[in-house]
Amino acid sequence: MRGILGGRVYDPANGIDGEVRDIWMRDGRIVPADEIDPEGAETFDATGLVVMPGGVDIHSHIVGAKVNVGRKLRPEDHRGSERKRKGGYWSGSGYTVPTTHLTGYLYAEMGYTTVMEAATAPLVARHTHEEFADLPVVDKGAFITMGNNHFLMRAIKEGRREEARDYVAWLLRATKGYAIKIVNPGGVENWKWGGNVEELDDEVIGFEVTPRQILETLGWINDELGLPHVPHIHGINLGRGRSGRTTVESIRALNGRRAHLCHLQFLSYKAGAGAMHLSDAVSVAEAVNTAPNLTVDVGQLVFGPATTMTSDGPLQHNLHNTMGGRWVNDDVESETGGGIVPVSYEPTNPINSVMWLTGLELFLLIDDPWRVYLTTDHPNAGVFVHYPQVIKLLMDSAYRAETFEGIHRRARKGALLPELKREYSLYDIAIVTRAGPARSLGLSRKGHLGPGADADVTVYEEKEDKEEMFARPRYVFKDGGLVVRDGELVAAPQGRTLHVAPSFDSAIEERIREHFREAYTVSFENYSVSEEELGRNETVPCDA
Amino acid sequence: MSTHEHVTCTFCGCLCDDISVEVEDGHIAAVKRVCANGRGVFAEHCSDARRPTVEGREVDLEEAIAEAARILDQADSPLIYGLSSSATEGQRKAVELADVLGAVVDTTSSVCHGPTGLALQEIGEPSCTLGEVRNRADLILFWGCNPSASHVRHFGRYSVTAKGTLTPRGRQDRTVYVVDVRPTGTSKTADHFLQLRVGSDYEVLSTLRLLVRGESVPAEEVGGVSVAELSELAERMKSCRFGVAFMGMGLTMSAGRNVNVAELFSLVAELNDHTRFSVIPMRGHGNVAGSDQVLTWLSGYPFAVSYARGYPQFGPGEFTAVDMLARGEADAALILASDPVAHFPRAAAERLAAIPTIVLDPCENLTAGVARVVFPTATYGVDAVGTAYRMDNVAIRLRAVVPTERPTDEQVLEGIIQALPERAAQLEAVT
């Protein structure tokens, strides 16, 4: 048994707001009060320190086909961002796209213990799991892209919803995935014809379905299957001046259904003069505030280098044409697509500046911290190692005002941000970085410190400079074991791969086989990732 | 007798996963659907319980592992090379061994599609999976490659004759171009064959870029091809529905190398302003794409990686195996699933014979003939399970159809890592 004694505990899921408590851990779990036995226990003095559950990242691109092409594409990203091999820890390299071990180490050193890989194409799920095996410390899971899937779109077109539902269940099991991911529904399929979608009622070429129908059906399926997370949605028009409007329309289209909208910053603009974008955070935040079953993450922009990588093929091509420079595209048969474009966000760029303040406005205008989560859509809007900087921007309005003064004047002109004086508390931060995302993910043992919770705990020294405070935890515990001391790794155990196994009518398999014969180049029999391939893993139960 | 279906053949980057293998008394009796190249993977596969050797003397596995660990531990500049015919399980351990040792690790990519990787770093790579070719491609271009000999089932499963959702008539629904310096089996199947003068790929690709941009070319012919023919190709590329260029070592290993490939990648990228166009490198060895993937997720770079400073550094020309060996910089070598003595320039091969070399391979090869320690290992995809990456980077599971008593590459490499003096204490500290 281990105890973390006398710390000020921020555990919003259990309503604990900075009260002094002892936390006891045994066998990887938080111990109930009546089972505490301090006899012979190892204890850590947390007097004067801040204790929170381990961080939970609901949306990050850390492994798999796209991330690895990003690594291969950017040798210049790695030089100068190396870590030497030390003791039994792997060496590594990479700033925006770090190698697998380095990614696990860096998350742990920042106090994060659970990270969700935000987009895996089903056909290449095996690759994601291979990299998971080399990503230490954190627990992780993969969201499976389905918004442009041929089998699904055909079933939707032909009104066979139950068949679509059974297919999704089969696909999540086959890929050992965690959640339904939707990326630019219909738009990626149209990109395979050189096009895109711009409105919710545009038609997907060859399928006579619309983005609206895809969203509705996958929302219904998610509830039917009782998946722990909700549909995780990257909407249409990402990065466009009309994105704020179509985001609001998408929220209406969801019609009160449970859903998560990811990296909302990228989808909350309105058109300004010329090619200028303006923040549409007011309208979007209002729509979010009045949709109680909706959660979002922000995808906050951080100035500096980034690597954009999404399954949104047409977006990436558009970005390539806007920026010039390198471009990777990857269309995946019958399923999805994707692309990569390296970027650098500069405060001297007016549009980058608007993107920066749009994210912060969303954070400050969405009332309920339980429904808005901290992400940078790593590595799209910024690198995850800068979460502490984002926390400082949220907690410290003077720092925010000072940074605002340094952005491009065209972005400052008429901006709402300076009027928003709200400051996040430590309790709010514990919600947006832990309790909230864990709840949205349906991970009942994550994001809190109640009895039975996973003993993933982070201990910080409170500092005036919140960036410093959150960048270097005093202690991080994973499954009850100490993994970080004074910001440095002291152990690197293997975390779990979290996946779901919804049930389905096996009659669907014959239809899927037929689809494989018609359209795939991999045998149906070789497609599924088996549990033996996963290593340490856990099936998170469905509620259906 | 038992029949194994959906077996994956590991001969080439096609990784055909529809092979049927009949096994009788633990031996392969018949193989169906396999091509002439792939037949040997099954028919000539070595699975007898052969023991490792040290200087030609048969020894126990433990002794061979101890000797390999001793050699590597004493080396100042060890080189780990090959990887492409192992599974990712073996490749991961090879990279870990390099990290632990501070060794250089390089793969057969450096003598085939290494320049393709450099072009990717410069331009990016608009690509797609092979199923998109099967289902959508109405224009296919083979440049400097000859799949009719090297990737025999490519046409039928993925490209020229494959029938897909938007290409129900297969060959009739596609236009096929071949660009090469001489007629080949592939060019015989093409609708159009453009025969280039040797060494003029770059000029021809540049000309195509100009023509696609609508600029005039003040010449009658470029690189031995008439500008009229190139204009026709440019127009077809711009107006097709979904075009795919396959490229091979005719581009990567002729004068210009990565510059040739970059020019093709630029051409393909620019075509996406007019229609959809992709490029897929014709990767040779069954899992050479996997060696790029594994090395990249572990080190950040696809080949030519040195861990000598304790962290990964990328240096084609500096940390590539041929160069390391020919300059005499490697003082010990571990060769995994590859036969460099058979394929490398003489100076590099001679160096391998002169330094203590360790070989892991299912079959006896020329490199094993000069090696100090030889581990006959299991064959992933025949008698060991594993994972390999197809030329379009789709990971495919490899099945085992017959038993073996041999250790896998992964097991031997893990054994060597554990046998290195400082290693055990380090591992204990971490977990």
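First to last, the sequence lines map onto chains F and C. Take our numbering: the last position of the first sequence gets the number 544, and nothing is skipped along the way. Take our numbering: the last position of the second sequence gets the number 1431, and nothing is skipped along the way. For every residue, glycine included, the Cβ atom is placed at its ideal position computed from N, Cα and C. As the structure is a computational prediction, the values presented were derived from the model and not from experiment.
query	result
Let me check one thing: in DSSP terms, what residues is C:M1247 bridge-paired to?	C:W1143, C:P1281
Does the beta-carbon of F:V63 have 16 or more other beta-carbons within 10 angstroms, so that it is buried, or is it exposed?	buried
If we count the other Cβ atoms within 10 Å of its Cβ and call it buried at 16 or more, is F:V609 buried or exposed?	A question about residue 609 of chain F goes unanswered here, because the residues of chain F that appear run from 1 up to 544.
Quick check for students: name the residue ranges of the beta strand (DSSP E) that lie wholly in the segment 33-90 of chain F, counting only runs of 3 or more.	42-45, 49-53, 55-60
Quick check on F:G147: does DSSP put it in helix, strand or coil?	coil
At a CB distance below 7 Å, what residues from the segment 509-536 of chain F approach chain C? Give them in sequence order.	E518, A519, Y520, T521, V522, S523, E525, N526
Give me the DSSP bridge partner(s) of C:V1222.	C:V1225
Under 8 Å between C-beta atoms, does F:H127 make it to chain C?	yes
Would you kindly work out how many angstroms separate the C-alpha atoms of C:V1279 and C:C1012, rounded to a whole number?	18 Å
Report yes or no: is there a C-beta of chain F within less than 8 Å of the C-beta of C:G1038?	no
Leaving aside the five residues before and after C:G1317 along the sequence, list all residues of the same chain whose C-beta is less than 7 Å from its C-beta, in chain order.	D1323
Taking C-alpha atoms, which residue in F:G487, F:D456, F:E464, F:V483 lies nearest to F:A471?	F:G487
Report all residues from its chain with a CB closer than 6 Å to the CB of F:A437; omit the five preceding and five following residues, and keep chain order.	In the sequence on display, residue 437 of chain F carries Pro and not Ala. Hits under 6 Å: V56, I58, Y373.
Using the beta-carbon of each residue, which ones in chain F are nearer than 7 Å to C:E1125?	V328
Do we get a CB-CB distance below 8 Å when we pair F:P75 with the residues of chain C?	yes
Using a Cβ cut-off of 8 Å, pull out every chain C residue sitting near F:H78, in sequence order please.	G1300, Y1301, P1312, F1314
Secondary structure at F:N537, three-state DSSP: helix, strand or coil?	strand
Hey, could you find the ends of the beta strand (DSSP E) C:F1193 is sitting in?	1192-1195
In terms of residues, what are the limits of the alpha helix (DSSP H) holding C:L1211?	1201-1212
Please work out which residues of its chain come closer than 6 Å, Cβ to Cβ, to C:F1193, disregarding the five sequence neighbours upstream and downstream, and give them in chain order.	V1178, S1187
Do you know how far the Cα of C:G1310 is from the Cα of F:K84?	5 Å
Compare the C-beta of F:S562 with all C-beta atoms of chain C and state if any pair is closer than 8 Å.	A query on residue 562 of chain F cannot be resolved here, the shown segment of chain F reaching from 1 to 544 and no further.
Report the neighbours of C:G1170 on chain F: residues whose CB is nearer than 9 Å to its CB, in chain order.	Those within 9 Å of C:G1170 in chain F number zero; the least Cβ separation is about 13 Å.
When the Cα atoms are used, what is the spatial distance from F:H127 to C:V1227?	44 Å
Check whether the segment 1120-1130 of chain C touches the segment 72-83 of chain F, counting contact only when three or more Cβ pairs, one atom from each stretch, lie closer than 8 Å.	yes
What are the uninterrupted segments assigned as alpha helix (DSSP H) that are 4 or more residues long and contained completely in the segment 1284-1356 of chain C, given in chain order?	1288-1299, 1321-1326, 1340-1343, 1346-1354
Contact criterion: CB-CB distance below 8 Å. Does F:W90 meet it with respect to chain C?	yes
Could you list which residues in chain F have their beta carbon closer than 7 Å to that of C:V1394, in chain order?	L123, V124, V522
Taking CB distances under 8 Å as the criterion, tell me whether F:N380 reaches chain C.	no
Which runs of the alpha helix (DSSP H) at least 4 residues long sit entirely within the segment 329-410 of chain F? Give them in chain order.	350-365, 387-395, 397-405
Using the Cβ count rule (16 or more neighbours within 10 Å means buried), how would you classify F:E35?	exposed
With a cut-off of 8 Å, does the C-beta of C:G1131 fall near any C-beta of chain A?	No chain A is present in this structure, whose protein chains are F and C.
Can you list, in chain order, the residues of the segment 1261-1279 of chain C whose Cβ is nearer than 9 Å to any Cβ on chain F?	A1269, N1272, D1273, H1274, T1275, R1276, S1278
Can you name the residues that DSSP bridges to F:S279?	F:Y269
Give the range of the alpha helix (DSSP H) segment to which C:V1259 is assigned.	1258-1271
For the structure I just gave you, are there three or more beta carbon pairs, one from the segment 1144-1155 of chain C and one from the segment 1293-1301 of chain C, closer than 8 Å?	no
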